[in-house]
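Student: In my numbering, the protein residues as written are 5 to 186.
Yeah, the Cβ is synthetic: ideal placement off N, Cα and C, and Gly gets one too.
Handing you a structure now.
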Amino acid sequence: MNREKRRRERRGREGEGDGEIVRLEMFEELIRNEAMYMNVFQDVEYGKIRYAINFYDSLAEGEYWLSLPEVGIIVANHYKLAFVVLAKEWSALWLPSRHATPLVSEIRIVWLLLVNGNHFVRLLMRDNPPPPPTSRQWDAFVDEDSKEWTVTPWLFSLGGVNHNQIFRTDFQCNFGPLSGRI
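Here it is as structure tokens:
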């Protein structure tokens, strides 16, 4: 089923289907750039990721969950954005690995926080804090045009942020409707 048909169907189900569209777009990205992703993930891992992404029902069993850090590079490449995940165990930044850097004013950054080991919450960050280091995937598979992402001014905001500080029990946050303690 093509993307436009899925979008038309989705419009009839208020609040449903966004996950299906994201999966469809990520699946298309994976197929379009199969050779690159086969290098990134190797055969077995690529097959597992492709299997998990190619699922469009509303409730996904564990075998169909989109897992991070694995799919971070797919998200960054398809949506041409900086993709940041903060977690107790690890934090990482994915940048598009095959797209030239846009103007600084056009850079989009999506921040997610891993909560309870299996849920992600989008964070709306104030003052553009510096992101964590780039992921190993990105470092290993970035093309020459994309290396400029690492020298853009937004990566060099002042102040060293320890991203693990948000997991302290006394850390106060104010992320819009998610205000309170984590």
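Looking only at DSSP bridge pairs, what is tyrosine 126 linked to?
Tutor: Correcting the residue identity first, residue 126 is arginine in this sequence and not tyrosine. Answer by DSSP bridge pairing, in chain order: Leu116.
Student: Around the C-beta of aspartate 22, are 16 or more other C-beta atoms found within 10 angstroms, so that it is buried, or is it exposed?
Tutor: Label assigned to aspartate 22: exposed.
Student: Could you tell me the boundaries of the alpha helix (DSSP H) in which alanine 56 lies?
Tutor: First-last of the alpha helix (DSSP H) with alanine 56: 38-57.
Student: With a 10 Å radius around its C-beta and 16 neighbouring C-beta atoms as the bar for buried, classify leucine 128 as buried or exposed.
Tutor: Exposed.
Student: Are the CB atoms of glutamate 75 and isoleucine 53 nearer to each other than 8 angstroms?
Tutor: It should be noted that the sequence gives valine, not glutamate, for residue 75. Yes.
Student: Span of the alpha helix (DSSP H) holding alanine 144?
Tutor: From DSSP, the alpha helix (DSSP H) with alanine 144 extends over 140-145.
Student: Assuming contact is defined by CB atoms lying nearer than 8 angstroms, are leucine 99 and tryptophan 142 in contact in what I supplied?
Tutor: Cβ atoms of leucine 99 and tryptophan 142: closer than 8 angstroms.
Student: In whole angstroms, give me the CA-to-CA distance for glutamate 49 and leucine 117.
Tutor: Roughly 24 angstroms separates the two Cα atoms.
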